[in-house]
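Asker: Supplied in structure tokens, the structure appears directly below.
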Amino acid sequence: MSTNEKEDGSMNSTTTPASATSSSAARTSSLGDVATASAAARTRSEQPVGSGLEARNVHAWFGKYHAVTDMSLDFPTGTVTALIGPSGCGKSTFLRTLNRMHEFIPGAAMAGQVLLHGKDIYAPGTDVTKIRLKIGMVFQKPNPFPSMTIGENVLAGIKLAQLKISNKNDLMEECLERAGLWNEVKDRLNQPGGSLSGGQQQRLCIARSLAVRPEVLLMDEPCSALDPGSTLKIEETISELAKTMTIIIVTHNMQQAARVSDYTAFLLSDGGPGEIVEFAPTREIFTRPKDKRTENYVTGRFG
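The opening position of the sequence shown corresponds to residue 1 in UniProt numbering, with each subsequent residue numbered one higher.
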């Protein structure tokens, strides 16, 4: 989140017409059905199996601007957690603190702890490059390296980190397979990465992230610029990847959150820093949220 993003988390206190209430109830039911059906179809368990990544009392600033406050979450291993909320509530900012990408922004600061297997990634002397190998990131806009071929893009992280691998071709194929792209590009690996469609470029970026064997993958609105067909392929990829790794995704698409995530955190900024309002299994968020503000958001009454 940039410092000039609009904080639009305020709610309308006027009486809601009966027709709007009925429409909101129908939307909640629909999202709840999607979340329930998606959870039933997944082969991974919705029950926590330990938290490889934990946020403890995380605050973030841009200069004097306090963007997020006191955020604490455990991200269960082998699950997908969706971060939802209105624009400007700090979802992307919080996500970037989880692998120290926040530090790239001039004037940015952070307080609190982010623990990977119990060790604070912000502790003095921590090798930030190694942290980002373990906690990868896929950005909102696909960013393949334009001067590299498709194959070179996949292996770029390996080269940058100076990692030794026995068979580059096998790794390339494996990562492209896991990203759901191999069959589409296997005969043109020497073509520029930029020659692919937007959806293919995003899956190429996912493959590039996978090559360095991350334990956690952060995804910042990975489908926001994609068409429905490409979005579906990304979602299928997320579901497959979550069988072996932890994924945290920022999304404004409630249907997407209901489809792909096991857990959902609702963030809100009500005139101040963004904060976590509610965190629960996704089907609970969309069928029986405990906080009225969560209900108002997921039913479309604001945001």
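For every residue, glycine included, the Cβ atom is placed at its ideal position computed from N, Cα and C. All figures in this text were calculated on a predicted structure; none of them were measured in a lab.
#1: Reducing DSSP to helix, strand and coil, say where Q256 ends up.
#2: Determine which residues share a DSSP beta bridge with R56 and list them.
#3: At a cut of 8 angstroms, does the region 216 to 227 reach the region 95 to 107 through at least three beta carbon pairs?
#4: In whole angstroms, what separates the C-alpha of residue 315 from that of S195?
#5: Suppose contacts are defined by Cβ-Cβ distances below 7 angstroms. Is A108 in contact with H102 by that definition?
#6: Based on the DSSP secondary-structure assignment, which residues constitute the bridge partners of G136?
#7: Cα separation between T149 and L189?
#8: With burial defined as no fewer than 16 other Cβ atoms inside 10 Å of the residue's Cβ, what is the status of G229: buried or exposed?
#9: Tell whether a beta-carbon distance below 7 angstroms holds between V212 and G157.
#10: Would I248 be called buried (16 or more neighbouring beta carbons within 10 Å of its own) or exposed?
#11: I'd like the list of long-range same chain contacts for K233, defined as Cβ closer than 8 angstroms, with 5 residues on each side in sequence excluded.
#12: Consider the Cβ of D291: report whether some Cβ of chain C lies at a distance smaller than 7 angstroms.
#13: Distance check for A207 and G90, CA to CA, integer angstroms please.
#14: If we ignore side chains and look at the alpha-carbon of each, how far apart do S269 and R293 end up?
#15: Return yes when the Cβ of V80 is within less than 7 angstroms of the Cβ of M71, no when it is not.
#16: Per DSSP, what kind of secondary structure is K141 in: helix, strand or coil?
Answerer: The answer reads as follows:
#1: helix
#2: Q113
#3: Yes: the two stretches touch, three or more of their Cβ pairs being nearer than 8 angstroms.
#4: As shown, the chain starts at 1 and ends at 303. That puts residue 315 outside it, with no answer to give.
#5: yes
#6: According to DSSP, G136 bridges with L217.
#7: 7 angstroms
#8: exposed
#9: Contact flag set, yes.
#10: Note on I248: 16 or more other CB atoms within 10 angstroms of its CB, so buried under the neighbour-count rule.
#11: G180, G199, R203
#12: This model lacks chain C altogether; it includes just one protein chain.
#13: If I take the Cα positions, the gap works out to 27 angstroms.
#14: 11 angstroms
#15: no
#16: coil
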